[in-house]
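The next block holds one structure in the form of structure tokens; read it before the comments.
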């Protein structure tokens with residue numbers, strides 16, 4: 001039996017909104033501020049609202065028009081590069097205390113750490129060390145945080161999500177026994193990590209609404225409902241988690257995927273939507289080339305205009321051989337688009353995914369494509385990347401990117417689909 005571990009999970013409170021408050025020398029715990037791009041519409045989703053607004057009952061990911069009219073607030077447009085810079089500064093604070101081998105960055109504002117071997121070193125309890133790091137982050141950047149301490153990674157996350165955010169010092173502490181005492185009857189189930197509304201509704205249909213009821217349920221019925229995922233659900237119901245920090249650091253997937261998605265600013269016609277798909281395929285191909293990777297198949301998901309209420313189009317197409325060729329992949333993406341999308345309906349959302357992505361060293365050729373032509377195209381794509389890296393993403397682009405309705409040039413000025421602020 002291995003040594004008992006101690007984990008900490010730290011989450012920066014309303015991170016984007018807190019950064020914008022800090023930039024204005026305002027206290028995010030007392031200032032009503034919303035991060036949203038009002039140039040879109042009032043239906044745009046808020047990227048974040050300040051802790052002060054959450055205290056008034058405003059949810060963090062609401063749409064602008066859903067904010068109660070009686071609440072006055074400051075609106076800040078997204079500045080994604082600024083948030084990345086702040087996140088890097090905060091990561092540097094953690095590195096003052098914990099080696100990178102014991103840190104796992106879960107998202108731009110959330111991190112897991114295994115502090116087992118540091119408690120003796122610093123002669124501190126886990127809570128004392130956690131408080132020290134949170135105070136250092138606050139002093140260095142002005143960003144408040146909440147945290148969870150647990151005997152496994154899952155419990156650290158739950159301690160933060162459910163108990164820590166409401167504790168006076170914003171730190172929750174759980175082990176398997178206290179988890180069962182405090183949270184076995186907690187509702188709703190969607191407060192728990194990895195239980196979304198879909199899973200919660202399925203469980204509700206068989207009379208299960210708490211973690212206690214999951215733990216005491218007939219496991220055969222859960223496996224019939226959720227397949228292998230039932231194993232994780234049952235473990236979490238008991239407060240168990242077998243994955244360690246060492247497992248996370250050692251994990252190497254055989255295949256990965258690349259994905260790009262966008263919500264269009266207005267309804268697009270069929271032919272214009274096809275152009276957007278080709279732009280997205282071209283951009284993802286350059287990402288493949290940059291990473292020296294290739295893909296075996298493409299999946300396309302297209303949502304129609306909100307007002308139509310039609311089920312989205314969805315499909316996958318296999319490539320003859322794995323490749324990073326823009327020409328081949330753009331043509332295949334166009335073919336898939338024409339196969340699955342209704343030409344009489346307007347388009348509003350597009351997601352393109354490259355599946356079974358692997359290293360280019362495994363590339364094979366077939367009789368239908370000249371390997372010399374493919375190598376020539378690969379070198380050309382490398383050159384395009386070098387130019388973009390040196391002079392900016394819009395230094396070189398295709399003619400289609402200048403057509404009416406094209407989005408590539410604007411998206412190149414964004415980070416994660418939002419304004420970079422640069």
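Residue numbers (full-length UniProt numbering): 1 to 422.
Cβ coordinates follow ideal geometry from the N, Cα and C atoms, glycine included.
Spatially closest choice to residue i from the options, by CA coordinates
i           : options            : result
residue 32  : 14, 44, 45         : 14
residue 213 : 197, 75, 241, 183  : 183
residue 335 : 298, 211, 322      : 298
residue 324 : 378, 352, 333      : 378
residue 147 : 340, 112, 120, 179 : 112
residue 344 : 95, 168, 158, 273  : 273
residue 307 : 340, 290, 346      : 346
residue 263 : 163, 341, 301      : 301
residue 77  : 292, 49, 228, 93   : 49
residue 123 : 74, 97, 104        : 97
residue 118 : 170, 188, 129, 110 : 129
Local Cβ density within 10 Å of residue i, reported as buried at 16 or more and exposed below that
i           : result
residue 25  : exposed
residue 19  : buried
residue 276 : buried
residue 380 : exposed
residue 137 : buried
residue 135 : exposed
residue 237 : buried
residue 1   : Here the model assigns residue 1 a pLDDT of 44, short of 50, so the residue's position is not dependable, and the following value carries that caveat. Result: exposed.
residue 36  : buried
residue 316 : exposed
residue 217 : buried
residue 192 : buried
residue 279 : buried
residue 241 : buried
residue 254 : exposed
residue 394 : exposed
residue 144 : buried
residue 259 : exposed
residue 251 : exposed
residue 201 : exposed
residue 271 : exposed
residue 11  : buried
According to DSSP, residues forming a beta bridge with residue i
i           : result
residue 122 : According to DSSP, residue 122 bridges with nothing at all.
residue 9   : 112, 148
residue 174 : 150
residue 75  : 34
residue 63  : 45
residue 429 : The structure shown does not extend to residue 429, since the chain is modelled only from 1 through 422, so no value can be given for it.
Residue range of the alpha helix (DSSP H) that includes residue i
i           : result
residue 205 : 197–205
residue 19  : 15–23
residue 52  : 51–55
residue 35  : Here residue 35 belongs to no alpha helix (DSSP H); instead the beta strand (DSSP E) covers 33–35.
residue 98  : From DSSP, residue 98 is part of no alpha helix (DSSP H); its letter is neither H nor E.
residue 302 : Careful: residue 302 lies outside any alpha helix (DSSP H), inside the beta strand (DSSP E) at 293–304.
Distance between beta carbons of residue j and residue i, contact taken as under 8 Å
i           : j           : result
residue 354 : residue 286 : Contact doesn't hold; Cβ gap of about 12 Å is too wide.
residue 405 : residue 304 : About 16 Å; that fails the 8 Å criterion.
residue 52  : residue 28  : 7 Å
residue 219 : residue 234 : 6 Å
residue 256 : residue 357 : 5 Å
residue 314 : residue 340 : 7 Å
residue 84  : residue 108 : 7 Å
Opening and closing residue of the beta strand (DSSP E) in which residue i lies
i           : result
residue 113 : 110–114
residue 273 : Residue 273 -> not in any beta strand (DSSP E); alpha helix (DSSP H) instead, spanning 270–290.
residue 320 : 313–323
Residue i CB to nearest heavy atom of the ligand ZN below 7 Å
i           : result
residue 171 : Looking for the ligand ZN in the displayed structure turns up nothing, as the structure carries no ligands at all.
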